[in-house]
Structure formats: structure tokens, C-alpha cells
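S.K.: Just passing along the structure, written as C-alpha cells.
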Amino acid sequence: MTKTSMTQFVSESIDESLMNMNTCLICEVLEVDMNLYKADVLPLNDPDATPILDVPMVFWQTEQFVIQVPIKKGNIVLVVCSQADIDPLMFGGGKAASRSFSANDALIVGGVHYFTKPLENEHPDDLLLSDKIYKNKIRITPTGEMFMESEENINIISKKDVVIECKNLWLN
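Remember, the working numbering sits 1174 above the position in the sequence shown when you count from 1.
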């Protein structure tokens, strides 16, 4: 084997290996199970792609708290593929397969917003929990002010006391 053909062989082998490695994909959600936090997705960058099934959704959570964003059919999401087999973690044990960066180990990590559909965000510096038209929102400003704004009813439901402590209270 000549040096040129060996170099070409190695280069082609590396290229082929990289083509079979999945890192992240932009996908459309086909079906969703919000009880198990999983979805079936279709990669959008490959016209010949087949759906990736039962992809777990990543969301902010700890042992005590959850921030849930309802993902719906038709949403566009970012999917990453784990460096290692996630089955033992997801299903509670067993032996990990030797696969890496496989679509079998995909995770939905969040929604993707296209530049072609700009949002009119009037609060770009605030921490914000809002609908996409910014009519119903909870926000915290960099100075620490907090606002809860809605064009609909705001309901406070408690089986115990509701306590409001403040310097002044104005009611309209």
C-alpha cells in the first residue's frame, strides 16, 4: 500500500465513522407522552431520516422540584445524543452497551426558535416565565422587582393561609 492510498484509506475511514456519529439534531415532535416525559421525533436535516422513538425529555428538576414546559406535537426541539448508552440510567440498571453518540441514546434538551419568526420581547433583561405573546407572565427584573401580569384571571389556591407582608398594600 502506498503512502497516498494509506492516507486516503484512513481519511475515508474517519469520514465514515464521523457520519455514523450523532451529536445533536433539530427535530420535529411527532408524538408526546407528558406522563413519562418522552416523545417520538423526526430529524429535520435528513430527508431520508426515520423517526427516533421514545426520546426522554430533559427539563429542570431536582428531587423536590420540577419546571415543566409542555412539549406538543409539531414543536421543533433540539435533540442531543449521549456519549454513552443511557439505558441503564433510564431503566434502572443492567449492563451498558458499548455504543456512543447513537440515536438510541437521544435526549430532548429544549425547544428551538427560528430566526424567521422573531419574538417581540419587551423584557430581554428579565428572568421570565411567559407565553410567547408576553400577555401572561411572571418576571423578575435585574433590580429585584417582581411582576405577575395577566389578561386573564390570576388564581391563588391554598388549603392553608395566604400571607401578604408589605410596607403598603393598594387594591383597585
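Glycine is no exception: its CB is placed at the ideal position from the N, C-alpha and C atoms.
What are the uninterrupted segments assigned as beta strand (DSSP E) that are 3 or more residues long and contained completely in the segment 1255 to 1304, given in chain order?
M.R.: 1280 to 1285, 1301 to 1304
S.K.: Report the residue from K1212, E1202, D1207 whose alpha carbon sits nearest the alpha carbon of L1281.
M.R.: K1212
S.K.: Relative to the C-alpha of K1156, which candidate in L1302, D1299, K1306 has its C-alpha closest?
M.R.: Residue 1156 lies beyond the residue range present for the chain, which begins at 1175 and ends at 1346; the question has no answer from this structure.
S.K.: Along the chain, where does the beta strand (DSSP E) containing M1231 start, and where does it finish?
M.R.: Per DSSP, M1231 belongs to no beta strand (DSSP E) and is neither H nor E.
S.K.: So, helix, strand or coil for M1180, using DSSP?
M.R.: M1180: helix per DSSP, three-state reduction.
S.K.: Mind checking who I1200 pairs with in its DSSP beta bridge?
M.R.: L1252
S.K.: Which residue wins for smallest C-alpha separation from L1302, given the options S1256, V1251, I1241?
M.R.: I1241
S.K.: Could you pull out every residue in the same chain whose Cβ sits closer than 6 Å to the Cβ of R1313, ignoring the five residues on either side in sequence?
M.R.: H1297, D1300, L1302, F1321
S.K.: If you draw a straight line from the alpha carbon of I1397 to that of N1310, how long is it in whole angstroms?
M.R.: Here the chain covers residues 1175 to 1346 and nothing more, so residue 1397 does not appear.
S.K.: Alpha carbon to alpha carbon, how far is V1254 from L1227? Give it in angstroms, no decimals.
M.R.: 14 Å
S.K.: Could you compute how far the alpha carbon of L1293 sits from the alpha carbon of T1181?
M.R.: 49 Å
S.K.: Could you work out which residue in G1284, C1198, A1277 is closest to I1260 when comparing CA atoms only?
M.R.: When each option's Cα is compared against that of I1260, the closest is A1277.
S.K.: Compare the C-alpha of V1286 against each of F1265, A1258, V1337, V1251 and name the closest.
M.R.: The residue among F1265, A1258, V1337, V1251 with its C-alpha nearest the C-alpha of V1286 is V1251.
S.K.: Go ahead and label D1207 buried or exposed: buried means 16 or more other beta carbons lie within 10 angstroms of its beta carbon, across all protein chains shown.
M.R.: Counting Cβ neighbours within 10 Å, D1207 comes out exposed, since fewer than 16 surround it.
S.K.: Would you check if the distance between the CB atom of K1247 and the CB atom of L1204 is smaller than 8 Å?
M.R.: yes
S.K.: Relative to the alpha-carbon of V1215, which residue among P1221, W1234, G1266, I1200 has its alpha-carbon at the smallest distance?
M.R.: Measuring from the Cα of V1215, the nearest candidate turns out to be I1200.
S.K.: Do P1217 and A1223 count as a contact pair if the criterion is CB distance below 8 Å?
M.R.: yes
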